[in-house]
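Top line first, the protein sequences correspond to chains A and B.
Residue numbers for the first sequence follow the numbering used here, beginning at 334 and rising by one.
Residue numbers for the second sequence follow the numbering used here, beginning at 17 and rising by one.
Below you'll find the structure, written out as structure tokens, and then a few comments.
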Amino acid sequence: DSGVTQTPKHLITATGQRVTLRCSPRSGDLSVYWYQQSLDQGLQFLIQYYNGEERAKGNILERFSAQQFPDLHSELNLSSLELGDSALYFCASSERGHTDTQYFGPGTRLTVL
Amino acid sequence: GQNIDQPTEMTATEGAIVQINCTYQTSGFNGLFWYQQHAGEAPTFLSYNVLDGLEEKGRFSSFLSRSKGYSYLLLKELQMKDSASYLCAVRDLRYTGRRALTFGSGTRLQVQP
């Protein structure tokens, strides 16, 4: 158990819909990262937040957005969903130390029908 | 961009030793990580290298050569539970504030009795 929690574990929805994925980082970690893992793409970095502020953006679509709240939990919002958005979405957190190792949550499996 | 290459699949025998290689190209190298991922589960941190040389952690060791853009993960005394995907990931600080990881596609290791 990494200490990172994600909800929900599974989500099934239809094309065109909007969903929100939630992540709580490990106690004391200020950075949150979101990754997408699909069968044909591997783990892809989407976006990073540090202490409430956006720090870096990866391959995140304009239909996706995220935020980090004062209590440091983060939400990833996916809208106008398409079949190709079906994937595992992982959240990771890290503290700002020497190694800054990222610890991953259990993931949310999103299925778009 | 960044290129990270690792073999797609490997097979080894229980009790044996296996070496999983990873090569990378990046201009702002700031660390290489190895993660283990069982199917459908979260990546689990295994090791971190930022300086050249070998880091040993029980049955797992990781080696880095920055001049060659090369790392390997060595697994000794293989057990059936070691059957998983092994992900090589590089941190690149070329972009201000970017501490996200770029992952290779992973090496699926199958341990046979």
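Just so you know, even glycine gets a beta-carbon here, dropped at the ideal spot from N, CA and C.
It should be emphasised that the depicted structure is a prediction, and the values quoted were computed from it without experimental measurement.
Measure the C-alpha to C-alpha separation of residue i and residue j and round it to an integer number of angstroms.
i                : j                : result
Arg396 (chain A) : Gln52 (chain B)  : 31 Å
Gln350 (chain A) : Met26 (chain B)  : 40 Å
Leu109 (chain B) : Leu125 (chain B) : 30 Å
Ala55 (chain B)  : Gly385 (chain A) : 32 Å
Ala100 (chain B) : Ala58 (chain B)  : 11 Å
Leu379 (chain A) : Arg359 (chain A) : 19 Å
Glu72 (chain B)  : Ser78 (chain B)  : 7 Å
Gln401 (chain A) : Ala32 (chain B)  : 45 Å
Asn410 (chain A) : Pro129 (chain B) : 44 Å
Thr353 (chain A) : Leu363 (chain A) : 21 Å
Leu70 (chain B)  : Lys390 (chain A) : 32 Å
Thr118 (chain B) : Thr29 (chain B)  : 30 Å
Tyr436 (chain A) : Thr338 (chain A) : 11 Å
When you compare the CB positions of residue i and residue j, do they come within less than 8 Å of one another, or not?
i                : j                : result
Val106 (chain B) : Leu48 (chain B)  : yes
Tyr382 (chain A) : Ala399 (chain A) : yes
Leu80 (chain B)  : Trp50 (chain B)  : no
Gln22 (chain B)  : Gly120 (chain B) : yes
Val445 (chain A) : Ser427 (chain A) : no
Glu408 (chain A) : Arg355 (chain A) : yes
Arg135 (chain B) : Asp433 (chain A) : With chain B running from 17 to 129 in the structure shown, residue 135 (chain B) is simply not present.
Following the continuous beta strand (DSSP E) through residue i, name the residue where it begins and the one where it ends.
i                : result
Arg107 (chain B) : Ala100 to Asp108
Gly375 (chain A) : Gly375 to Tyr383
Thr60 (chain B)  : Thr60 to Asn65
Ile36 (chain B)  : Val34 to Gln41
Assuming residue i and residue j make a contact with CB atoms under 8 Å, what is their CB distance in whole Å?
i                : j                : result
Arg75 (chain B)  : Glu93 (chain B)  : 5 Å
Gly85 (chain B)  : Leu103 (chain B) : Actually they do not touch by this definition, with Cβ atoms about 17 Å apart.
Leu414 (chain A) : Thr348 (chain A) : 6 Å
Val127 (chain B) : Asp98 (chain B)  : 5 Å
Put residue i into one of helix, strand or coil per three-state DSSP.
i                : result
Lys97 (chain B)  : helix
Asp21 (chain B)  : strand
Leu421 (chain A) : strand
Thr112 (chain B) : Unreliable placement is indicated for Thr112 (chain B), whose pLDDT of 49 sits below 50; the coordinate value is still reported in the next sentence. Of the three classes helix, strand and coil, the one that applies to Thr112 (chain B) here is coil, per DSSP.
Leu354 (chain A) : strand
Leu80 (chain B)  : strand
Leu48 (chain B)  : strand
Leu416 (chain A) : helix
Asn392 (chain A) : coil
Phe402 (chain A) : coil
Ser360 (chain A) : coil
Glu387 (chain A) : strand
Arg342 (chain A) : One point to set straight first is that residue 342 (chain A) is Lys, not Arg, in the sequence displayed. Coil at Lys342 (chain A), not helix or strand.
Ala347 (chain A) : coil
Ala55 (chain B)  : coil
Arg429 (chain A) : coil
Leu90 (chain B)  : strand
Glu71 (chain B)  : strand
Gln126 (chain B) : strand
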